[in-house]
Amino acid sequence: MYESCNDNFQTIVNTSMIGCYVLSILAFGMTSMVHYMNRHAYHPIFSFLFFLLTSVYGFSNILNVTEFALMNFGSPDNSLAYELVVRFHQGLYIYLTCVVAMCVVERCFATIFMHTYEHWHPWNIVVGAQFLAAIVIYAHLSLVRSKFDDSVQLALSTVIILFLIFLLYKNVRLTQLFRGGKSSLSTRYQLTENIKILRLLVPVVVLDTTVCAADMAGNVFFHVDPYFNKQVCLGSTSYLPAYFVIRLVSLFMEWSIPISIIYQQATPKPVSNCLQVMRLRRYSKTAPKKITNVLGTDIQGSSHQLDYFLQLQQQWSGPLPSKD
């Protein structure tokens, strides 16, 4: 196993990781486009926050690629550019978790004020949340390289899970309470939107929390970072298998996020209609053309054409109706 921990193997692994993160950038870029096209299907606040979430994920992966490229092909030691990229990436990683928390809290507002939230656009609260996120990022960056460096991430993930449990419980209770049309139209509309958004949001929160948990567990128990480090590999027999297991789990969960978003936001009706039109066009090119009368009878075929004219002859040669 120690023979694998050399410069060439390190370069191959980290170059492969660059390719994986490039795929993530493309996937989240496509996800942002899909959500932007469907932005009017949701409340404006949620549409903005969720678009921000997918965009920040894409930018975070761009910084991942930049960091890997500097480590792999540059001279990161005492490099100001590398330090700036690392610090900015750490801050953006925490901001990503803050945006996930904003999406969950926004749905809590929509659930608590469901009678009036449809026409309420609290942009001032969204702006205030950005300042609060800046404070959280500053606190995290102040604790980096200390024994409490993961405490901010752990606290945010705990808050997100607790709010998500509250959302699921509250909306299930409201669905049971208002079953049978015992509510106003605006209340039913808001409850329907909550359920639709929860189907979109719950997989994202669970997958994102799993990615964060995998990264934290790898760092705490196995000293595994996203970048493969040959020096740590030479000093630990468990590093190599732990690195590949944790990286595969993290990448699989991260790739599952855009897949789940596109699956939930894709509208199957236009797709099925498009396929149906394509089938009809293909059939119209191969099938023989028919000429029908006003009753829908085919009068072009040789066998049916004779029957049709015989029927017409019988109708015209028949007795006229008598006049009373």
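If you're matching positions, the sequence shown starts at 398 in our numbering and goes up one per residue. Every residue, glycine too, gets a C-beta built ideally from N, C-alpha and C.
- Distance check between F560 and each of V599, Y535, Q573, L529 places V599 closest, using alpha-carbon atoms only.
- A straight-line Cα-Cα distance of about 30 angstroms links G416 and S444.
- The continuous alpha helix (DSSP H) containing R570 extends over residues 548-574.
- Going by DSSP, H512 is part of no alpha helix (DSSP H) at all; its letter is neither H nor E.
- Its Cα nearest to that of T463, the residue Y624 stands out among Y624, V501, L595, N616.
- When secondary structure is reduced to three states using DSSP, C402 falls in the coil class, being assigned neither helix nor strand.
- A contact between stretches requires three or more CB pairs, one per stretch, nearer than 8 angstroms, and the stretch 445-457 meets this requirement with the stretch 490-504.
- Within the stretch 422-506, the complete alpha helix (DSSP H) segments at least 4 residues long are 441-470, listed from N- to C-terminus.
- Straight through space, the alpha carbons of N521 and H620 are spaced by roughly 41 angstroms.
- For the options L604, Y490, I656, the alpha carbon positioned closest to that of H537 is the one of Y490.
- Taking C-beta atoms as the reference points, I442 and E503 count as a pair closer than 7 angstroms.
- For a cut-off of 8 angstroms, the C-beta gap from T508 to N591 is around 6 angstroms, short enough to register as a contact.
- A residue is called buried when at least 16 other Cβ atoms come within 10 angstroms of its Cβ; A530 meets this threshold and is buried.
- The C-beta distance from F465 to N411 rounds to 5 angstroms, short enough to fall under 8 angstroms.
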